[in-house]
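Numbering (this note's numbering), first residue to last: 1 to 506. Glycine included, each C-beta is placed from N, C-alpha and C at the ideal position.
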């Protein structure tokens, strides 16, 4: 859209040139053409930044990093493999003779199960004998559809191995001394041969539970599914040192068991430097959102980590709480880092988005035909606690960031602006410098005839490069801090009525 200021200016010039003045045939006119008058407010500049929030109540611009990871409970419901081996010797190897043994498998101590259902797993039975043997294995605590586990394995001299899938089996073990035991019975029948020896081995492996009712004894699961994120900082702000950064976690544990969490937040910089924060928290059962205490993580954030990795270990249960847990349950961990823009900054630079300047045709023709001298006037009013050197880049061709490259701009003018006045100089982390008064810098540049031609186009592109010399101590940027940039052409033009009259002027 064309700037209405230039359109109105063209009308005024037209009327000033067509009014008849019989006494004075010509005169000099001082002309001012505004090119830009723009106020850059911190809050508006940062509104599209994903990792920045504005706290108007505290008057703070806050670097905000938040990541959430949900961990399934399934990894906690894995049982340690167990096995047992029995050797049987018939005292009288007579066909039809039978021998029965009853024994128990002692389960791991992570669970004290009243009832459970297997999600996966296998039981393998291996029977060896030089003779012909029929073996029957019964495990009363395992059942499917109400029918106990009962299998038969026959051996005709040698070794026989059978394996059965336990998916969907119910498991109701006995409890002895705060441990689960699995009773089983093996019945062996001698069918023929000369050797009275028989070996029967039971092996339970790859056991995972779908659901458990009972007690968990600090059942441990590794949160190996790491969450990776990073702090994306534009080049001009690399090297920034934050005065304070706070980390907390929000943990949701909807299960019926309390938990202990050891969490690591590790930052890895672009150069490979690392810093790790270890957080240990106890979370009650049935807690939707529990917020941990807050940790100072300034050193980690000041790495400007390219990666932030969240990992850790969770332990569920306390050895006394009874409940039910399912593989479909989950624990959610959210890491939350907040760092107000209270910082020190080394010398850096920033290139703003290129603006388009549109000047009315009549205005450009009038300047071209009647211009006697011209200059650019810049006014920079700074309400930021950092100073800068400001370069103005003009081009009739380059409307993108390439305008800043050597050889692409047609006109470059540079000025330096002073930092605004702060209440402390230098500031500290506890008492950062805050702006109390703006500073205005005005610089004028004369323009050569060749430079004037740069703005003699329907559209002229302008970019602004800000070079920051760094801060004096620690400063605080507030959402309402700003910098205002004004730029205008000032020109002296000659208006000749006789010439206008011959050209058909009124």
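Continuous beta strand (DSSP E) stretch holding residue i: start and end
i	result
residue 450	Taken as a continuous stretch (DSSP letters only), residue 450 belongs to no beta strand (DSSP E), being part of the alpha helix (DSSP H) at 449 to 452.
residue 188	179 to 192
residue 71	60 to 72
residue 293	Neither: residue 293 is in no beta strand (DSSP E) and is coded neither H nor E.
residue 102	98 to 106
residue 461	459 to 468
residue 246	246 to 253
residue 278	274 to 283
Chain-order list of residues whose beta-carbon lies under 7 Å from that of residue i (same chain, five-residue window excluded)
i	result
residue 57	none
residue 368	456
residue 481	42, 383, 384, 435
residue 346	239, 470
residue 178	112
residue 402	408
Residue i: first and last residue of the uninterrupted alpha helix (DSSP H) it sits in
i	result
residue 298	298 to 301
residue 45	42 to 45
Exposed unless 16 or more other CB atoms sit within 10 angstroms - verdict on residue i
i	result
residue 89	exposed
residue 135	buried
residue 87	exposed
residue 437	exposed
residue 440	exposed
residue 150	exposed
residue 348	buried
residue 322	exposed
residue 101	exposed
residue 254	exposed
residue 76	buried
residue 176	exposed
residue 395	buried
residue 592	Given that the chain is displayed from residue 1 to residue 506, the structure contains no residue 592 and the question cannot be resolved.
Own chain, CB closer than 6 Å to residue i, minus 5 neighbours either side, in chain order
i	result
residue 195	130, 131
residue 301	242, 245, 339
residue 432	342, 474, 475, 476
residue 148	140
residue 252	288, 289, 332
residue 203	83, 124
residue 487	35, 36, 378
residue 263	279, 312
Short Cβ contact (8 Å threshold) for residue i with residue j
i	j	result
residue 388	residue 466	yes
residue 119	residue 105	no
residue 460	residue 357	yes
residue 65	residue 308	yes
residue 95	residue 192	yes
residue 377	residue 415	no
residue 74	residue 315	no
residue 352	residue 463	yes
residue 412	residue 399	no
residue 220	residue 270	no
Supposed close pair residue i, residue j - CB separation, criterion 8 Å
i	j	result
residue 285	residue 212	The pair is not a contact, with the Cβ atoms about 14 Å apart (cut-off 8 Å).
residue 491	residue 31	5 Å
residue 71	residue 330	6 Å
residue 256	residue 324	6 Å
residue 126	residue 159	7 Å
residue 554	residue 223	The displayed coordinates of the chain run from 1 to 506. Any statement about residue 554 would go beyond what the structure contains.
residue 297	residue 268	Not quite, the Cβ-Cβ distance comes to about 14 Å (not below 8 Å), so this is no contact.
Closer than 7 Å: residue i CB and nearest the ligand MN heavy atom
i	result
residue 82	This structure does not include the ligand MN; it has no bound ligands of any sort.
Contacting residues, own chain, Cβ-Cβ under 8 Å from residue i (five flanking each side not counted)
i	result
residue 282	258, 259, 260, 261
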